[in-house]
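Here is the structure we will look at, set down as structure tokens.
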Amino acid sequence: MAAVASLYDEFKALNVEILAISTDSRFVHKTWQEMELTKMLDGGVPFPILSDPGGKIGTVYGVYDEDAGVDIRGRFIIDPDFNIRAMEVLTPEVGRNPKELLRQIKAFQHVVKTGEVTPSGWEPGGKTLTPGPDLVGKVWEVWKP
Amino acid sequence: MGRLKDDCVAPTKGPIIPEGGDRAGEAIDLKKGGVDMLVRVGKEAVDFETSAYIEGYGFKPVKLSDYKGKWIVICFYPGDFTFV
């Protein structure tokens, strides 16, 4: 989470709001911020840290582990129309890659804006595809992995 | 540093039933069962309301739909004071 926070300015520039959430109470969130996060990162985590008591929200989002009593690492991208665009769920041992999150947001924003689609591994400025009958069977002419 | 606020005085709803039916806006009752996972890629996000800690502000109820119109990233994580 501190890793996401360290790229906060980039997320802000893309008009992205970040919400972190775990089953811990708001009181623990505050203490964690003061005792640890502010030492990892100047000013601590700048976005809201939400509480999910009993994992109710995690259950609805498919990330609550009843046996452990915690929400596992699930990340969801929601577009301005309130539709879920992407989800990534990891077991707790492996941390996320905030750079990949940024890349996906840029790709979704590009797609929404232009109606084009982005091929595998697309980065801003890279080749995009315009779906339609003319492209069927011809992708190889314009894009290779 | 100014005094932090505590706006979390009333209980929050947790997951909220979407618009459209008679019970729109009410809390989703998970005890009734049948709720394994409601969210899907390409479908509308399930709204929720819960308490939050916000740096420099204090405690505040946060509702997901308050952020409608912006891009939102929700990051679930296993727990405070662990590596994240």
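Quick note, the sequences are listed as chains A and B, same order.
In this text, residue positions in the first sequence follow my numbering: the first is 39, and each later residue adds one.
In this text, residue positions in the second sequence follow my numbering: the first is 69, and each later residue adds one.
Cβ atoms here follow ideal geometry from the backbone N, Cα and C, with glycine treated the same way.
This structure is a prediction, so every number in the text was calculated from the model and none was measured.
### Task
Indicate whether A:D117 and A:I110 have their beta-carbon atoms separated by less than 7 Å.
Position 79 of the first sequence, counting from 1, holds the residue named residue 117 of chain A. Position 72 of the first sequence, counting from 1, holds the residue named residue 110 of chain A. No, these two residues do not count as a Cβ contact at 7 Å.
### Query
Are any of the Cβ atoms in chain A nearer than 7 Å to that of B:G137?
One-based indexing of the second sequence puts residue 137 of chain B at position 69. Taking Cβ atoms only, chain A reaches closer than 7 Å to B:G137, which makes this a yes.
### Min CB distance B:D75 to chain A below 7 Å
Numbered from 1 along the second sequence, position 7 holds the residue referred to as residue 75 of chain B. Chain A contact via Cβ: absent.
### Task
Check whether the Cβ atoms of A:A40 and A:L79 sit closer than 7 Å, and answer yes or no.
As a first step, residue 40 of chain A is located in the first sequence; it is residue number 2 there, counting from the start. As a first step, residue 79 of chain A is located in the first sequence; it is residue number 41 there, counting from the start. Against a cut-off of 7 Å, the Cβ pair of A:L79 and A:A40 comes out as a contact.
### Task
Measure the Cβ-Cβ separation of A:L75 and A:P136 and say whether it is below 7 Å.
Taking the first residue of the first sequence as position 1, residue 75 of chain A is located at position 37. Taking the first residue of the first sequence as position 1, residue 136 of chain A is located at position 98. For A:L75 and A:P136, no; Cβs fall outside 7 Å.
### Task
Tell me the start and end of each unbroken beta strand (DSSP E) in the segment 70–112 of chain A that is at least 3 residues and wholly inside, in chain order.
87–89
### Task
Below 6 Å CB to CB, which residues in the same chain sit around B:A120 once its five sequence neighbours on both sides are set aside?
Working through the second sequence from its first residue, we reach residue 120 of chain B at position 52. Counting only Cβ-Cβ distances below 6 Å, and skipping sequence neighbours, we find K128, V130.
#### Entry: CB contact flag (A:F85, A:I56, <7 Å)
What you label residue 85 of chain A is simply residue 47 of the first sequence in a count that begins at 1. What you label residue 56 of chain A is simply residue 18 of the first sequence in a count that begins at 1. Yes, these two residues count as a Cβ contact at 7 Å.
### Task
Using three-state DSSP, classify B:D75 as helix, strand or coil.
On the second sequence, position 7 is the one that residue 75 of chain B refers to. Reduced to three states, the DSSP call for B:D75 is coil.
### Query
Does B:P146 get closer than 7 Å to chain A when you measure Cβ to Cβ?
As a position in the second sequence, residue 146 of chain B is number 78, starting the count at 1. It does; some Cβ of chain A falls within 7 Å.
### Query
Residues bridged to B:E117 by DSSP?
Residue numbering aside, residue 117 of chain B sits at position 49 when the second sequence is read from its first letter. B:E117 is bridged to B:G82, B:K131.
### Query
Helix, strand or coil: which one does DSSP assign to A:F114?
If you number the first sequence from 1, residue 114 of chain A lands on position 76. Strand, per DSSP.
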